[in-house]
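**Student:** Convert by adding 291 to the 1-based position in the sequence shown; the result is the number in our numbering. Handing you this structure, nothing more for now.
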Amino acid sequence: QYIKPFKAQSDLILNGTITTNGLVGLTNSTYASGGGSGGSIWINTTVFWGSGNLSAVGGTAGNAGGVSGSAGGGAGGRVVVYYNTTSINITDSNVSGGWALSSAQKGDPGTLGFIDKDDNNIEIYQGFEFQEDASYENITIFNSTIIINGSVELNATNIIKNTTWLNFTCYNTGYNFTLNVDNDLNL
292 QYIKPFKAQS DLILNGTITT NGLVGLTNST YASGGGSGGS IWINTTVFWG
342 SGNLSAVGGT AGNAGGVSGS AGGGAGGRVV VYYNTTSINI TDSNVSGGWA
392 LSSAQKGDPG TLGFIDKDDN NIEIYQGFEF QEDASYENIT IFNSTIIING
442 SVELNATNII KNTTWLNFTC YNTGYNFTLN VDNDLNL
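Following this line, the structure appears as structure tokens:
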């Protein structure tokens with residue numbers, strides 16, 4: 292599942308749900324397959340209004356009809372919204388991983404970021420992946436796994452942890468991660 296980048300010239304009003312959820316794994320009497328991964332949503336607009344949400348949840352694993360075996364859940368998808376003004380609450384959206392069967396693993400969360408273009412702020416919920424250097428005024432993090440996939444320098448004036456948990460994960464021991472914070476680092 293893939294959605295091409297969506298660009299609204301001025302206002303985008305969302306009072307429903309944009310969904311690119313992964314499919315449930317196949318079920319038969321012998322084998323079960325893992326759930327499909329969530330898809331991608333990329334929105335670029337000036338004003339993002341409404342009471343809606345975005346969903347790119349991983350699919351639930353299929354069932355092998357009682358035969359022992361395990362199938363994992365699909366990973367959550369990737370969602371990014373670029374805007375100048377918004378009334379949409381990022382925590383109403385979802386990129387969680389799909390449920391697994393038996394002893395298999397639940398799918399990893401996807402990435403979800405709302406980026407304020409004119410104020411240069413980012414809100415991260417459930418997960419985000421940095422592959423290159425980035426600089427923001429404020430980075431606000433809600434219950435997330437931050438993935439570092441490359442040698443990355445992350446610069447911010449303030450980092451605000453609005454959450455009960457936060458994980459930083461680096462995919463390779465050869466990567467260097469540098470975090471520079473000018474004022475508040477509230478971890």
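We treat Cβ as the ideally placed atom computed from N, Cα and C, and that holds for glycine. Fair warning: this is a prediction, and the values are worked out from it, not measured in the lab.
Would you check if the distance between the CB atom of Thr-308 and the CB atom of Asn-344 is smaller than 8 Å?
**Tutor:** In contact: Thr-308 and Asn-344 (Cβ atoms closer than 8 Å).
**Student:** Going by C-alpha distance, which of Asp-473, Ile-450, Asn-474 and Gly-363 is nearest Pro-433?
**Tutor:** Note that residue 433 is Phe in the sequence shown, not Pro. When only C-alpha atoms are compared, the closest one is Ile-450.
**Student:** Report the partner residues of Ala-456 according to the DSSP bridge assignment.
**Tutor:** First, the amino acid is wrong: residue 456 is Trp here, not Ala. Paired residues: none, contrary to the question.
**Student:** I'd like to check one pair, Gly-465 with Ile-438: are the Cβ atoms closer than 8 Å?
**Tutor:** no
**Student:** What are the start and end residues of the beta strand (DSSP E) that includes Asp-302?
**Tutor:** 302-304
**Student:** Can you round the beta-carbon distance between Asp-424 and Val-443 to whole angstroms, since I take them to be within the 8 Å contact cut?
**Tutor:** 6 Å
**Student:** If distances are taken between C-alpha atoms only, which option among Tyr-374, Ser-435, Asp-410 and Ile-332 comes closest to Gly-313?
**Tutor:** Ile-332
**Student:** Glu-428 and Asp-410 look like a contact to me (Cβ under 8 Å); what is the Cβ gap, rounded to whole Å?
**Tutor:** Yes, Glu-428 and Asp-410 are in contact; Cβ-Cβ is about 6 Å, under 8 Å.
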